[in-house]
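Okay, so here's the structure we're looking at.
Residue numbers (my numbering): 1 to 75.
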């Protein structure tokens, strides 16, 4: 299983965790993203996160399945 790592530029901060999953195409809808977080399938900075509305910022790393997103500031 390969791990795909990519940078995500945030235009504003903080942003809710589930929105990053949705807008980056890791989940097809907000509901699917919230369910993935609720099920403990998403890690923030290496730790399982179950708060769907967790606020994430530049410098955070998100992991879901084989995808890893490194959040960066857009300004």
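Glycine included, each C-beta is placed from N, C-alpha and C at the ideal position.
Residue i - DSSP class collapsed to helix/strand/coil
i: residue 72; result: strand
i: residue 7; result: strand
i: residue 32; result: helix
i: residue 44; result: strand
Through-space distance from residue j to residue i, alpha-carbon basis
i: residue 21; j: residue 73; result: 17 angstroms
i: residue 60; j: residue 9; result: 11 angstroms
i: residue 41; j: residue 50; result: 8 angstroms
Cβ neighbour criterion (16 or more within 10 Å) applied to residue i
i: residue 64; result: buried
Sub-8 angstroms separation of residue i and residue j beta-carbons
i: residue 6; j: residue 69; result: yes
i: residue 17; j: residue 54; result: yes
Residues bridged to residue i (per DSSP)
i: residue 37; result: None, per the DSSP bridge assignment.
i: residue 61; result: 70
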